[in-house]
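Chains as they are written, first to last, in my numbering: chain A, 88 to 439; chain B, 485 to 970.
Yeah, the Cβ is synthetic: ideal placement off N, Cα and C, and Gly gets one too.
This is the structure we're talking about:
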C-alpha cells in the first residue's frame, strides 16, 4: 500500500511539474466550453431579412412586426419585388427574404422564402423559425412546443458532447503517453525489475488521471450550469457514476494504446487519430447518427462516446432517472470490462 | 552456489541473433565484467538475467532462482542500471531516491548505510531536479537508487558512458566498497581502466563468448581489439603559424554563474587540439560560443578569421560540427545523408557526386551506399558522421565527444580518420573523456571550473605536473575543482 501511494505521488508530481501540459489540460475544457457555448453555435440570431410585400394590411403588418421583434431576425430592408430581394441576397446584403403574397391576409398563406442556402442546415433552421413566428399569430393553426429546450439553445447539445470528447482524450492520451514515456526513458525497465506487481504500476498510473478527469468533468458541469445556463435536470450522483464508468473505459483504452505504441509521438498520434476522428464524426456529437449511411451507423455503434453522450443528454437535459439510460450504461459497462480485460492481459511483464 | 549461472543461452530477434550459446558463471561477491563492442549482445544478456527477456534457448539462474519461472524472487533481490539514464528527470534527487526505496519495500533510512558513501557526495543537491545534474552525478544517483534496497546482485549496463575520468574513478571506488558487503557485480564498460578493475571478464562479440578470464588475460589475448598498436601521428609539418582560432578573455555568464570564466587560447591551422575538462567544467558552453551557437558575455574571439560576435553566419559556413547526440538522419540512406549535407553547404551536384564516390571509397563503404543509416553499427555511424562533417572541406571541424560508447578498436579507426583530415589541412578541435585519445592530440587544454588550468602538448603537461600519463594529469588537475559538479 505504501508503494502504491508513493507511486501515485510520483505520478502526480510528473503531472504538476509539467506546467505546459497542465495548462493545456485545464485550459482545453474551459476554452472549448466558451468556444462551443458562444462562438460556434447553431443558434439562429440576427438573420438579415428582407421583407417583400406590396400591400401592408393589418395581418402582414403584424407578422412583420413579430419577425422584427424576435431576436432571431433583423429586418434590414423592404423590397418591392422578389427579384430585387434576390439581388440583395446575391450581393451579400441580406441572408433571406420573406415574400408575402398580396392576398396573404385573405387566404392566410402565400409566403415564399428566398434563402441563402450556402449552409443548408442553417437555411433550413431560418425558414423553420420564420414559419413558426409568422404562423405564431393568434390565428395560426400550427403550434409547436420544444420540450426540454424551449429556447432551442445549442449549448444543451454541446455540453454533453464536450464531456464525452474531453474525458476520452484526456484519459486515453495522457495515460498512454505517460506509460510510453517510461518505456522510452528506460525507467520502465527499472520498474519491471522491482518487486512491485505490474498490475500495481498500471493502477497507480491511472489513479492521478482518474482524479484529473473528475476535476475536468466538474469544471465542465459548473461552467455549463453557471456560464452557459445549461440545466442539470437529472441526479448529480448518476451523472458522476455513469461518467466514472466512461472514464475507466477511456483509461483502459489508453493502456491498450501504450501496449502498442513504442514512442510518445506514436501514442499521441494514435490517441488523436484513432480516437478523435470517430468521436467527433461518428458519436452523434456533430451529426445525428440517424442520418448517417447504414455502414457508418454500424461503425458508430462501437464508438463508446456515442453511448456516453446519449446517456448524458438524457440525464442532464431531459432529467430522466437512471432507468431510462440502462441500455447505454449496460453497453458502456460491457465495453469497459472487455477493454480492461484485453489491456490487462496484453500488458507485458517483460520487454517482449 | 554461484551468484549467476548461464547455461547455453541463445536469443534472437527475428533473423538477428543477439546471443549464441552463451555460458558462464559468476561467483558470489565477484566483480565480473561483460565487455564487447557495441551490438555484441551485452544488453540482451542483462535483460535476460533481470527477467526482462526470456532466453530463446538455454537456462539462466540468478542467486539460485530461475530467470523464467522464479521471476518474482529475482526481481526482489537484484539491482539494475540500464544503459539508458534511468531516473525521473523531473523529480528531485531526494524524491527519486525515496521513490525507488519505497518501490523496493524499504526506506531511505533503512538503506542509508549501504548508500552513505555514495549519497554523501550528492546529498547537498537533494532538492535539485535529477535532470539538472551533471553526467557523473546522475550516474551516482542512479547507483544509489539501484543500491538502496541492498540487492545481492547488481547489474550495471555501461554505467559510466559520458562520465569524466575523475567521476568514473570515484564510481568504481564505490563499487569496490560494495564488494566488502558481498554484493555480486556484473558490469560492462568501454573503458580499459575499468575493465582492469574487474576480477574476471567475459569478452562477448557478435553474440558469442570469445573468452573468459582475468582482465589482463583477456586484454592480452585480444590485444588487437582492445589495445591495438597505437597509431603514429605522422607530424605532417603542415601546422603553420597561422591561428585559425583565437580567443581572448572569453566569458559566458548565466546570471551570477560564470560557466566560462575568462579563457584565452589559440589554435593553429592543421593542429589537432584536445579540449578536455570534467563534466560541467564549461567545455560545451565554450564550444557553443566558438561555433556561433551562443553569444559570449564578454571577450573576443576569431574562428577561421571571422569574429564570433558578429560574423557567426560566416563561421558556420567554414566549420564542420559533429556532436555526440546528433549523428545523421537514421531514416535516410548513406548517400541521401551525404547529398543533404552537401546541399546544405551549397556544394554543386557534380561536386557532391564525385566527392561521395571518393569518400565512400576511402571508407570502404561503397557497398553500403544505399543502406539506411539507422541499420549501421554505432561505430560506422560515427565514422560516417565525421566524414559528412568534413565533406564540405571546412577549415575547422569541431567534435564534441565523438567516440562516446565505442570500443577501442573502432575508436582507433576513428582517429585514423581524424589524422587523415588533419593531414589534409583541416584543423580538428575535439573534446573527449578518453585519456588515451588525449595523447593523440597535438596540443590539449584542460578546463577546470570554467578556466583553462593547463595548456600544452601532452608531453609538456606530463612533465610539468610530474605525472606518468594524461589520465593522471587530468585527475590531478580536475581534483582541484571547487565548483560543485553541475
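Between residue i and residue j, what straight-line distance do the alpha-carbon atoms span, to the nearest angstrom?
i, j, result
"residue 547 of chain B", "residue 633 of chain B", "16 Å"
"residue 736 of chain B", "residue 780 of chain B", "5 Å"
"residue 346 of chain A", "residue 663 of chain B", "39 Å"
"residue 398 of chain A", "residue 334 of chain A", "14 Å"
"residue 352 of chain A", "residue 361 of chain A", "14 Å"
"residue 91 of chain A", "residue 533 of chain B", "26 Å"
"residue 762 of chain B", "residue 649 of chain B", "7 Å"
"residue 330 of chain A", "residue 364 of chain A", "21 Å"
"residue 552 of chain B", "residue 741 of chain B", "52 Å"
"residue 669 of chain B", "residue 630 of chain B", "12 Å"
"residue 280 of chain A", "residue 591 of chain B", "18 Å"
"residue 647 of chain B", "residue 437 of chain A", "29 Å"
"residue 704 of chain B", "residue 278 of chain A", "39 Å"
"residue 893 of chain B", "residue 517 of chain B", "18 Å"
"residue 844 of chain B", "residue 906 of chain B", "19 Å"
"residue 111 of chain A", "residue 119 of chain A", "11 Å"
"residue 748 of chain B", "residue 785 of chain B", "9 Å"
Going by beta carbon distance, what residues of the same chain come within less than 7 Å of residue i, once the five residues before and after it are set aside?
i, result
"residue 275 of chain A", "269"
"residue 949 of chain B", "957, 960"
"residue 255 of chain A", "337, 362, 366, 392"
"residue 511 of chain B", "486, 487"
"residue 878 of chain B", "802, 803, 804, 910"
"residue 603 of chain B", "628"
"residue 480 of chain B", "Lying before the first or after the last residue shown, residue 480 of chain B is absent from chain B, which here runs from 485 to 970."
"residue 831 of chain B", "876"
Please go through the same chain and pick out, in chain order, the residues whose beta-carbon is closer than 8 Å to the beta-carbon of residue i, but skip the five residues on each side of it.
i, result
"residue 169 of chain A", "139, 184, 186, 199, 201"
"residue 897 of chain B", "863, 867"
"residue 700 of chain B", "680"
"residue 826 of chain B", "835, 836, 839, 840, 875, 876"
Less than 8 Å between the CB atoms is what I'm expecting for residue i and residue j, so what's the real figure, rounded?
i, j, result
"residue 847 of chain B", "residue 811 of chain B", "Incorrect: roughly 15 Å between the Cβ atoms, too far for contact."
"residue 259 of chain A", "residue 340 of chain A", "5 Å"
"residue 856 of chain B", "residue 920 of chain B", "So it is not a contact: roughly 32 Å between Cβ atoms."
"residue 727 of chain B", "residue 744 of chain B", "Rounded, the Cβ-Cβ distance is 19 Å, inconsistent with contact."
"residue 575 of chain B", "residue 614 of chain B", "6 Å"
"residue 683 of chain B", "residue 900 of chain B", "The pair is not a contact, with the Cβ atoms about 34 Å apart (cut-off 8 Å)."
"residue 915 of chain B", "residue 885 of chain B", "6 Å"
"residue 261 of chain A", "residue 296 of chain A", "5 Å"
"residue 315 of chain A", "residue 242 of chain A", "4 Å"
"residue 971 of chain B", "residue 756 of chain B", "The structure shown has nothing for residue 971 of chain B, since chain B only spans 485 to 970."
"residue 50 of chain A", "residue 165 of chain A", "Outside the displayed span of chain A (88 to 439) sits residue 50 of chain A, for which this structure offers no information."
Taking residue i as the query, report the chain E residues whose CB atoms sit under 8 Å from its CB, ordered along the chain.
i, result
"residue 97 of chain A", "The displayed structure is made up of protein chains A and B, and chain E is not among them."
Can you find the residues in the same chain that come closer than 6 Å, C-beta to C-beta, to residue i, ignoring five residues on each side of it along the sequence?
i, result
"residue 507 of chain B", "490, 491, 492"
"residue 521 of chain B", "891"
"residue 504 of chain B", "494, 691, 692"
"residue 433 of chain A", "346"
"residue 643 of chain B", "565, 623"
"residue 887 of chain B", "895, 898"
Let me confirm a value: residue i is counted as buried when at least 16 other C-beta atoms fall within 10 Å, else exposed. Which label applies?
i, result
"residue 159 of chain A", "buried"
"residue 724 of chain B", "exposed"
"residue 175 of chain A", "buried"
"residue 122 of chain A", "exposed"
"residue 228 of chain A", "For residue 228 of chain A, the predicted model reports a pLDDT of 49, less than 50, meaning its position is unreliable; a value from the coordinates is still stated below. Exposed."
"residue 179 of chain A", "exposed"
"residue 570 of chain B", "buried"
"residue 645 of chain B", "buried"
"residue 378 of chain A", "exposed"
"residue 191 of chain A", "buried"
"residue 583 of chain B", "buried"
"residue 286 of chain A", "exposed"
For the stretch 259-286 of chain A, enumerate the residues whose C-beta is nearer than 8 Å to any C-beta of chain B, in chain order.
Per Cβ criterion, the list reads 272, 273, 274, 276, 277, 278, 279, 280, 281, 282, 283.
Given a limit of 9 Å on CB to CB distance, which residues of the stretch 522-543 of chain B reach chain A?
Those residues of the stretch 522-543 of chain B that come within reach of chain A (Cβ to Cβ, closer than 9 Å) are 531, 534, 535, 536, 537, 538.
Give, in chain order, every residue of the stretch 387-399 of chain A whose Cβ lies closer than 8 Å to some Cβ of chain B.
From the stretch 387-399 of chain A, no residue has a Cβ closer than 8 Å to chain B.
Using a Cβ-Cβ cut-off of less than 9 Å, give me the residues of the stretch 720-754 of chain B that come near chain A, in sequence order.
Here the close residues number zero.
Members of the stretch 501-513 of chain B that neighbour chain A once the beta carbon cut-off is set at 7 Å:
Residues passing the 7 Å Cβ filter: none.
Quick one, which residues of the stretch 867-890 of chain B are near chain A if we go by CB-CB under 7 Å, in chain order?
Correct list: empty, as no residue qualifies.
For the stretch 583-598 of chain B, which residues have a beta carbon sitting closer than 8 Å to at least one beta carbon of chain A?
Answer in chain order: 583, 584, 586, 587, 588, 589.
Please name the residues in the stretch 799-815 of chain B whose beta-carbon is closer than 8 Å to at least one beta-carbon of chain A, in chain order.
Of all residues in the stretch 799-815 of chain B, none has a Cβ within less than 8 Å of some Cβ in chain A.
Under 8 Å (Cβ pairs) to chain B, residues found in the stretch 132-160 of chain A
Under the 8 Å Cβ criterion, the stretch 132-160 of chain A contributes no residue.
Can you pull out the residues from the stretch 400-417 of chain A whose beta carbon lies closer than 7 Å to at least one beta carbon of chain B?
Cβ proximity to chain B below 7 Å picks out nothing from the stretch 400-417 of chain A.
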